[in-house]
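K.L.:
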Amino acid sequence: MKTIIAFACVAAASASVQQAVAQTAPGGAIWPERPVRIVVPFPPGGSSDFAARILTHHLQNTIKQTIIIDNRGGAGGNIGSEIVAKAAPDGYTFLITAEGPITISPSLYQKLGYLPSRDLVAITPVITYSNVVVMHPTVRANTMKELIALAKDNPRKLSYAHPGIGTNVHLASELLKLMTGTDIVGVSYKGGGPAVASVVANETQVSLATAPSSIPHVKGGRLRALAVTTAKRSAVLPELPTIAEAGVPGYGVEGTVLLLAPSKTPPKIVARMYEESTKILKMPEVRDAVAAGGSEPGGAPPAETQRLVREESAMWEKLIKSLGVKLD
9 MKTIIAFACV
19 AAASASVQQA
29 VAQTAPGGAI
39 WPERPVRIVV
49 PFPPGGSSDF
59 AARILTHHLQ
69 NTIKQTIIID
79 NRGGAGGNIG
89 SEIVAKAAPD
99 GYTFLITAEG
109 PITISPSLYQ
119 KLGYLPSRDL
129 VAITPVITYS
139 NVVVMHPTVR
149 ANTMKELIAL
159 AKDNPRKLSY
169 AHPGIGTNVH
179 LASELLKLMT
189 GTDIVGVSYK
199 GGGPAVASVV
209 ANETQVSLAT
219 APSSIPHVKG
229 GRLRALAVTT
239 AKRSAVLPEL
249 PTIAEAGVPG
259 YGVEGTVLLL
269 APSKTPPKIV
279 ARMYEESTKI
289 LKMPEVRDAV
299 AAGGSEPGGA
309 PPAETQRLVR
319 EESAMWEKLI
329 KSLGVKLD
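Under this note's numbering, the first residue of the sequence shown is numbered 9, with each subsequent residue one higher.
(1) Taking DSSP as the reference, what is the three-state secondary structure of R232?
(2) Alpha carbon to alpha carbon, how far is K198 from I38?
(3) May I ask you to verify whether the segment 86–94 touches the segment 116–127, counting CB pairs closer than 8 Å and requiring at least 3?
(4) From L155, H144, I104, T151, pick the residue whose C-alpha is nearest to that of I135; which is it?
(5) Do you know offhand how far A159's Cα is from L179's?
(6) Excluding the 5 residues flanking S24 on each side, which residues of the same chain have their C-beta closer than 7 Å to its C-beta?
(7) If distances are taken between C-alpha atoms only, which option among Y259, Q73, V226, Q213 comes closest to K165?
(8) Rounded to a whole number of angstroms, what is the C-alpha to C-alpha distance between A28 and G99?
(9) Of all the beta strand (DSSP E) runs that stay within the bounds of the segment 110–190, which reach a length of 3 or more residues?
(10) Does the segment 186–201 come close enough to the segment 263–281 to have 3 or more Cβ pairs within less than 8 Å?
(11) Are the Cβ atoms of I223 and T237 separated by less than 8 Å?
(12) Name the DSSP beta bridge partners of A217, please?
(13) With DSSP run on the structure shown, which of helix, strand or coil describes E284?
(14) Can you tell me where the beta strand (DSSP E) holding R340 begins and where it ends?
(15) Once DSSP output is grouped into helix, strand and coil, what is the label at E253?
(16) For the alpha helix (DSSP H) holding I87, just list the boundary residues, first then last.
(17) Where does V333 sit, in a helix, a strand or coil, going by DSSP?
(18) According to the neighbour-count rule (16 or more other Cβ atoms, all chains shown, within 10 Å of its Cβ), is G263 buried or exposed?
(19) Return helix, strand or coil for V29, following the three-state DSSP convention.
(20) Excluding five sequence neighbours on each side, which residues of the same chain lie with their C-beta closer than 8 Å to the C-beta of S113?
(21) What is the DSSP secondary structure of N210, counted as helix, strand or coil?
(22) Within 10 Å of its beta-carbon, does N150 have 16 or more other beta-carbons around it, so buried, or fewer, so exposed?
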């Protein structure tokens with residue numbers, strides 16, 4: 009299942025994109041004439057921050073303007089996402105986020121302060137990634153089957169870390185519990201970085217962490233990796249089996265980090281950001297940096313992403329209903 013989203017098709021054909029060299033912002037000014045802010049609704053260290061820093065490192069050179077990354081963690085990414093949803097649509101505020109606040113939160117929260125399909129326009133996926141089942145090296149399990157058996161023999165004795173209620177990691181973990189009949193206690197943190205740090209410190213024992221946040225710790229021997237959450241093996245982590253291969257048939261979840269803007273942002277600016285971002289994501293050095301973080305570069309066209317988000321949103325909605333989860 010692929011979590012790639014777009015709630016509105018970018019209104020620009022390829023010919024018009026090529027012509028969009030100098031975009032006009034509201035008031036007739038040439039865009040961008042001042043620094044651009046990109047809100048990341050999670051703390052540093054997670055997949056959203058990883059993707060934002062790789063993209064903006066090159067983007068500020070191509071648009072010839074300073075880009076400020078504004079980390080606004082909290083509420084599973086909803087706080088930062090709402091900031092962008094309510095920002096002036098002038099081309100100076102964008103959002104780079106994992107898909108949770110966009111595809112999951114609308115089904116999970118009864119009083120969400122924004123509606124992604126109305127308030128935000130997706131420009132392009134930045135990266136896609138596997139979540140990785142990681143655990144502290146002291147946990148007595150070397151395979152998924154052993155971990156599942158350990159959890160069944162010790163209900164509520166193990167705990168898993170996640171970056172916030174309603175995030176991909178949280179619900180992917182709850183789906184795994186549902187499919188395996190295990191009872192592992194979830195512990196919420198304010199982002200992927202802090203969640204992974206808790207497993208490294210053995211405050212929690214397990215996490216279905218994003219690849220960008222967990223791979224450095226796996227390579228450093230601070231965490232042990234058992235499997236990936238995707239339906240197929242990861243091209244950048246081919247040695248790890250999928251959870252389905254490791255004993256849970258039918259399981260498969262993939263994550264995506266997206267670039268979005270307030271919904272009424274001028275189409276020419278949206279098109280320019282799409283054009284520049286996809287160029288950057290094709291650069292060899294960027295592809296190498298993304299792969300080193302256990303991810304793959306995005307860049308899927310809007311028409312494809314719209315179809316995929318409908319399927320993914322329906323899947324999360326069904327899971328949320330089956331779990332009986334609903335938050336204020």
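Where is the CB? At the ideal position from N, CA and C, for every residue including glycine. Note that the coordinates shown come from a computational prediction; the quantities given were computed from them, not determined experimentally.
P.N.:
Per the coordinate set shown:
(1) Taking the first residue of the sequence shown as 1, we reach residue 232 at position 224. Residue state, collapsed to three classes: strand.
(2) Translated into positions along the sequence shown, residue 198 becomes position 190. Translated into positions along the sequence shown, residue 38 becomes position 30. Those two C-alpha atoms are separated by around 37 Å.
(3) yes
(4) Position 127 of the sequence shown holds residue 135. The closest CA to that of I135, considering only L155, H144, I104, T151, is found on I104.
(5) Start at 1 with the first residue of the sequence shown, and residue 159 comes out as number 151. Start at 1 with the first residue of the sequence shown, and residue 179 comes out as number 171. About 18 Å.
(6) Mapped onto the sequence shown, residue 24 falls at position 16. In this prediction, S24 has a pLDDT of 44, which is less than 50 and means its spatial position is unreliable; what the coordinates show is noted afterwards. The answer, listed in chain order, is A279.
(7) Indexing the sequence shown from 1 puts residue 165 at position 157. Ranking Y259, Q73, V226, Q213 by Cα distance to K165 puts Q213 first.
(8) Here residue 28 refers to the residue found at position 20 of the sequence shown. Here residue 99 refers to the residue found at position 91 of the sequence shown. Residue confidence is low: A28 scores 43 on pLDDT, short of 50, so the model does not pin down where it sits. Its coordinate-derived value is still stated next. Approximately 14 Å between the Cα atoms of the pair.
(9) 128–143, 167–170
(10) Here the segment 186–201 does not lie against the segment 263–281, with fewer than 3 beta-carbon pairs under 8 Å apart.
(11) For the purposes of this step, residue 223 is taken as the residue at position 215 of the sequence shown. For the purposes of this step, residue 237 is taken as the residue at position 229 of the sequence shown. Taking 8 Å as the Cβ cut-off, I223 and T237 do not qualify as a contacting pair.
(12) If you number the sequence shown from 1, residue 217 lands on position 209. V140, per the DSSP bridge assignment.
(13) Counted from its first residue, the sequence shown places residue 284 at position 276. In this structure, E284 counts as helix in the three-state DSSP scheme.
(14) Here the chain covers residues 9 to 336 and nothing more, so residue 340 does not appear.
(15) Start at 1 with the first residue of the sequence shown, and residue 253 comes out as number 245. Three-state result, E253: coil.
(16) Position 79 of the sequence shown, counted from the start, is the residue given in the question as residue 87. From DSSP, the alpha helix (DSSP H) with I87 extends over 86–93.
(17) In the sequence shown, residue 333 corresponds to position 325, counting from 1. The answer is coil: DSSP assigns V333 none of H, G, I, E or B.
(18) Position 255 of the sequence shown, counted from the first residue, corresponds to residue 263. Buried.
(19) Taking the first residue of the sequence shown as position 1, residue 29 is located at position 21. Low local confidence applies: a pLDDT of 43 at V29 is under 50, so the model's placement there is unreliable, and no value is given.
(20) As a working note, residue 113 is residue 105 in the sequence shown. Around S113: G84, G85, N86, S89, L120, P124, G174.
(21) Indexing the sequence shown from 1 puts residue 210 at position 202. Coil.
(22) Looking up residue 150 in the sequence shown gives position 142. Result: exposed.
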